[in-house]
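Reviewing the structure listed below.
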Amino acid sequence: MITSEEIKSRLWSGANELRGSMDATRYKDYMLGLMFYKFLSDKTLKEFAIACGLSATDNWYDEYCNAYLEYGQSIEDMIQNMVGYCIRPEYLYHTWIKDMNSGHFEVQKVMDSLNQFERSISVTSRANDFQGLFANSTLDLSDTSLGSNLNERSKNIQALIRLFEDLDMVSLQDGDVLGDAYEYLIGQFAMESGKKAGEFYTPRQVSEVMAQIVTTNDTIKSIYDPTVGSGSLLLTVKQHLTKEEQKKLEYYGQEKNTATYNLTRMNLLLHGVEPNKMNIKNGDTLSQDWPEDPERPNEGVQFDAVVMNPPYSIKNWNRYGLKPSDPRFEIAGVLPPDSKGDFAFLLHGLYHLSIKGLMAIVLPHGVLFRGAAEGEIRKRLIEKNQIDAVIGLPNNLFTNTGIPVCIIILKKNRELNEPILFIDASRNFVKEGKQNVLQEKDIAKIVDVYKNRTEEKGYSHLASRQELIENEYNMNIPRYVEASDEEIPHDVDAHLYGGIPEKNIQSLKVLNETVQDILNKAFIEKRPGYLELNQPLEELSENIFSSRAIQEKSQKIKATIENYIQCYWTKLHQLNYKNNVSMIKASMLEDIKKCLDEFGQIDIYEGYQIIAEMWKNALMHDAELIEQLGFYQAGRTREPNIVSKKGKEKIQDGWNGAIIPNNLIADYCYEREQERITALKSRLLDIESELSELVENAKVEDSEENIILGDFLKRNNEGEIQDSFDSKLITAGMKEVTKGSDEYNLLKNVSNLLKEKTSIGKEIKLKEQEVKELVWNRIENLSDEEVDELLYQKWFGSVIEKVLLLVEKPLKKEIAVIDELNKRYSDTLDDIDDEILKLEQEFEKLMSELVVL
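So the numbering used here is basically just the index in the sequence shown, starting at one, shifted up by 605.
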């Protein structure tokens, strides 16, 4: 019982521990290569078990070894026919483990196994599916980076093999868990690799934008990525198609780097892509067109979807002497400049796009405005109206470059006068470490604006052909989407004579639409066109939030969200292996937008983010376990709590609820015990506060506390006074003073406080351990009603509160504007003149009092 997140965490943690100083781009090849070989070994045993009718309780490895001894080649031929390859018993991953356990492991055995796999498939009809996956150039197990000598290499390789020892790769592949883990590792290695990662990885959030846009196309039966890298773009598109569409999908891709090309094929296979649906070539996309249609050599194969994240602005891309007559570049009439290959990739992809297809490509912003040949290409594309949208993204999204990039969407079947949609999403991101990241709400907004082709001030604009011509075919986004300036212009008259400009109050859209009566009552006319606030801002704010309109709106939203939660609470109860968790997630995210859109004045994407984070932080993990175990059984399942001790030794410290946090169980089931612990901690804080005050007073020279307690403060080896009392000195001091005296009473008070602190500390520790043990035992004995209550609280406990805050957010923003305007114009020119006159008079008075000696 393990979830995809736990697998990802474990594998990446293991990778960091094992790779030492090896470069991430190199270690990636070893780790992912051996992970894939484990899958091939597990697949061999699985197919053998199915063919022989073995049950899950049978020892498939032993049965396979025995059968091979008896039937040999016939067993091998049978499995070859089923999966396109066969791994003999002596070369199985499981045999490596057996050798390790018996102390007979040799690195050469691993090398022999990989080489034998290459030799065994070379004679089959499906050799191209697996050929070269474990080439020595990629997986060189004699590389000294794995260890300076054979013993060190053996130790490190064994540790890497152990990482995958207990994972059933075939079962994990069935639920796409294996593919997700593989993709995750690729992404993590990309981040570690920095600038070297550009050749093989597109960040997930960029892939998501592109995939969600191209899948707005009604039917996608084929998809092509001419710079396929790790295959992440192809696979992200796959995730947004139905199961039936996925079965029919044909995957095409080309990759120049051989190691990355192998990575792509492994990635697709681990994601369940059938080899006969996979057409990946190791080659240079620009040097020679691929794929070509033998029946139509001047057309090339065309695809329903083309996605691409090519290397940016590569130089000398045309070292093969291509001409403008190349069918791929004919539409442009000219070749892209040899110093920048961006448009060469775009035109190649567009050439392979079908008439009804959709293409998304990531490129640097320079393609939007650079002149010369690139300007001419842009003009041709605009005249043919094949650019559908331009989406500006934030800078620093990629590990290999900090420059801002854009996604260009292209179609061949656009109406002649259909405008081009410009979206500026460059300011919508959060910072995670060194990288900028698009949140789920940012992705959703980009895709919705594209699908609905909506215009939003400061965010999106539909540019007509005439606008593009007037801008001389320059497509730089700021020419079409002007950044919204939220700074309110200053009003000179208001500064001179006071009053808030009435037009500024009228521009407060949310307040005027919801509580206009309260807003009107809050102001009086100071003079024509200018108003004065007639009540404290706090009073206005209170009147707004307690108004009938806002209260009714909040109640309606609360009822809507309660119904929404109840609907999905029921669906989550019904999760099992037949359900599709990702479909429920997608439906839940889409429905929250619909729920909130009914009310207006609420940012529906903020609501979207609330649900997206709930899935990320809890529901995805929990839903996977509920699928495997059932709702209530998952709620009653516990897992060992493994902690690290000194020396990296790991031991078990009790248990954790698999999906219900221990602290929730403690608060709900052991409320009285928790209240006692809380009371004790409160008293402990009071004691510590009293002692701190006494210590500080004892440090003040000549104070009563200093005279009596100063000598009882702890000191370090250098004799410097510390921030606590020495309890032994306090006890000894009490014996040397008269009982009942001021000195004795003060020392006695400190002594009592110290003893009580120690006693309470011990009691807290004891009580907390008692509650921990009660919880550990309670997990497996929770009732159905308790599981319901606890999971509801975990998942949905704060959702309504967070959504209701979205009602307040725009109101608070506009109330803050009123506050700013009120302060801005509170001092008029006359007030300033009066202040200047007053200061001058005070200065003259001061001067008159000066006496010259």
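Idealized CB from N, CA, C, for every residue including glycine.
Source: prediction; values computed, not measured.
Compare the C-alpha of residue i against each of the options and name the closest.
i	options	result
I1264	E770, E1254, L1387 and N1311	L1387
F641	L659, I684, N754 and L777	L777
R1070	E813, I987, E850 and V715	I987
K833	F1034, E1061 and Y866	It is Val, not Lys, that sits at residue 833 in the sequence shown. With distances taken between Cα atoms, V833 lies closest to Y866.
Q1140	E904, K1131, K1126 and K714	K1126
R631	L744, Q736, D1439 and E681	L744
L838	D1389, S707, K852 and V811	V811
N621	Q713, M796 and D1208	M796
E1045	E1195, N1117 and Y829	E1195
V1404	Y1169, G836, I1207 and A1030	Y1169
Residue i to residue j, Cα distance in whole Å?
i	j	result
A1480	N756	Because the chain here runs from 606 to 1458, residue 1480 falls outside it and cannot be looked at.
F1448	D1436	18 Å
T1119	A1154	6 Å
Q1374	V1010	54 Å
A1164	C657	57 Å
N1081	G1063	14 Å
I762	A661	29 Å
K1158	D1424	24 Å
L1358	E1309	19 Å
S679	L738	25 Å
L697	L783	19 Å
G997	V1086	10 Å
L1371	I1270	18 Å
K613	D785	8 Å
M1225	V1186	8 Å
L1351	I1123	60 Å
M1339	E1298	20 Å
K1304	G1366	26 Å
I1093	L1043	28 Å
I818	E1130	52 Å
L639	S892	33 Å
N1427	E1147	17 Å
Between residue i and residue j, is the Cβ-Cβ spacing less than 8 Å?
i	j	result
A672	W665	no
I1247	K1407	no
K882	L846	no
I702	C691	no
I1197	Y1213	yes
K961	Q991	no
L968	Y917	yes
L1067	P1024	yes
N872	Y789	no
G1104	R1084	no
Residue range of the alpha helix (DSSP H) that residue i falls in?
i	result
C1011	Unbroken run through C1011 is the beta strand (DSSP E), V1010 to L1015; no alpha helix (DSSP H).
S725	V712 to I726
D993	Here D993 belongs to no alpha helix (DSSP H); instead the beta strand (DSSP E) covers I992 to G997.
L1411	V1404 to R1429
Please state whether DSSP places residue i in a helix, a strand or coil.
i	result
A1164	helix
Q1206	coil
Y936	One detail in the question is off: residue 936 reads as Ile in this sequence, not Tyr. I936 falls in the coil class under three-state DSSP.
I1051	helix
K886	strand
A1099	helix
R1383	helix
L765	helix
D931	coil
V819	helix
F1330	strand
Y1349	helix
M913	strand
G803	Because the pLDDT of G803 is 47, which lies under 50, any placement of that residue in the model is unreliable, and the number read from its coordinates should be weighed accordingly. Of the three classes helix, strand and coil, the one that applies to G803 here is helix, per DSSP.
A1284	helix
K604	The structure shown does not extend to residue 604, since the chain is modelled only from 606 to 1458, so the question has no answer here.
Y1169	helix
K945	coil
F1027	strand
F653	helix
Please list the terminal residues of the continuous beta strand (DSSP E) segment that includes residue i.
i	result
L958	L958 to P969
S590	The requested residue 590 is not part of the displayed model; the chain covers only 606 to 1458.
E1137	Y1135 to L1138
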